[in-house]
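> I am attaching a structure below and will ask some questions about it afterwards.
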Amino acid sequence: MTTALRLLCLSITFCLTSACATASSDSWVELKGKRFTVEVADDDAERERGLMFRDELAADHGMIFIHDFEAPQAYWMKNTRIPLDILYFDHNRKLVSAQQLVPPCSLGDNCPPFASEGPALYVLELNAGVAESLGVKTGDELVFGPGIVGKK
């Protein structure tokens with residue numbers, strides 16, 4: 211078996227045995243008329259891992275976190291290497307608050323939390339600066355693609 215094939219098999223095995231958020235061509239959200247391909251984190255393990263240990267997030271990509279119930283949410287950047295915008299949405303998919311330009315954190319458990327200003331059911335993480343470039347504001351609606359509508 212070649213080294214490349216071995217690495218591919220290891221990658222697939224790791225993804226199958228660990229918390230890998232799912233993404234497909236139907237996994238997208240739209241905010242302010244802009245579409246983003248997203249990975250869906252809809253269980254505890256996927257939400258906990260989030261975007262940790264990644265060195266980049268492709269342009270026009272993100273991660274949507276779907277919680278089990280609407281409540282105040284707080285996210286932190288433990289082991290996250292990418293600066294992000296963290297957008298909190300309620301059960302009607304309306305923006306309740308945004309934490310913009312959140313820097314990476316290498317302080318482990320000492321990384322500060324970034325809390326929502328109200329109860330949220332959905333949290334969208336995008337590359338830092340995207341929220342500002344779109345001009346997002348409280349009340350903006352998040353539209354789900356067909357790959358997300360059936361979730362939770």
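Quick note: to get our numbering, add 210 to the position in the sequence shown (first position is 1).
Yeah, the Cβ is synthetic: ideal placement off N, Cα and C, and Gly gets one too.
Because the structure is a prediction, the values reported are computed rather than measured.
#1: Should Arg264 be labelled buried (16 or more other beta-carbon atoms within 10 Å of its own) or exposed?
#2: Going by C-alpha distance, which of Val248, Trp238, Ala269, Glu351 is nearest His301?
#3: Do three or more CB pairs link the region 323-336 to the region 290-307 at distances below 8 Å?
#4: As a quick exercise: from Glu240, Gly260, Pro293, Arg245, pick the residue whose alpha carbon is nearest that of Pro314.
#5: My output table needs one value for Asn320: the three-state DSSP class, helix, strand or coil.
#6: Take the Cβ of Gln336 as the centre, count every other Cβ of all protein chains shown within 10 Å, and call the residue buried at 16 or more, exposed below.
#7: How is the alpha helix (DSSP H) around Arg257 delimited, first residue to last?
#8: Sorted by chain position, which residues of the same chain lie with C-beta nearer than 8 Å to Gly345's C-beta, five sequence neighbours on each side aside?
#9: Give me the Cβ distance between Leu334 and Gly260, rounded to the nearest whole Å; I'm assuming they're in contact under 8 Å.
#10: What first and last residue would you give for the beta strand (DSSP E) that runs through Glu249?
#11: Please state whether DSSP places Val239 in a helix, a strand or coil.
#12: Short check: CB of Phe299 to CB of Ala330, under 8 Å?
#13: Which residue marks the beginning of the beta strand (DSSP E) containing Glu342, and which one marks its end?
This is what the structure holds:
#1: Taking the first residue of the sequence shown as 1, we reach residue 264 at position 54. That one is exposed.
#2: Walking along the sequence shown from the start, residue 301 turns up at place 91. Nearest of Val248, Trp238, Ala269, Glu351 to His301, Cα basis: Glu351.
#3: yes
#4: Counted from its first residue, the sequence shown places residue 314 at position 104. The shortest C-alpha separation from Pro314 is found at Pro293.
#5: The residue labelled residue 320 in the question sits at position 110 within the sequence shown. Reduced to three states, the DSSP call for Asn320 is helix.
#6: Position 126 of the sequence shown, counting from 1, holds the residue named residue 336. Note that residue 336 corresponds to Leu in the displayed sequence, not to Gln. Under this definition Leu336 is a buried residue.
#7: As a first step, residue 257 is located in the sequence shown; it is residue number 47 there, counting from the start. That run of the alpha helix (DSSP H) goes 254-259.
#8: Here residue 345 refers to the residue found at position 135 of the sequence shown. So the list reads Lys242, once near-sequence residues are dropped.
#9: Taking the sequence shown and counting its residues from 1, the one referred to as residue 334 is at position 124. Taking the sequence shown and counting its residues from 1, the one referred to as residue 260 is at position 50. The Cβ separation is near 12 Å, so there is no contact.
#10: As a position in the sequence shown, residue 249 is number 39, starting the count at 1. Here the beta strand (DSSP E) through Glu249 covers 244-251.
#11: Taking the sequence shown and counting its residues from 1, the one referred to as residue 239 is at position 29. Three-state DSSP puts Val239 in a strand.
#12: Looking up residue 299 in the sequence shown gives position 89. Looking up residue 330 in the sequence shown gives position 120. Cβ atoms of Phe299 and Ala330: closer than 8 Å.
#13: For the purposes of this step, residue 342 is taken as residue 132 along the sequence shown, with counting starting at 1. Note, Glu342: premise wrong, no beta strand (DSSP E); alpha helix (DSSP H) at 340-344.
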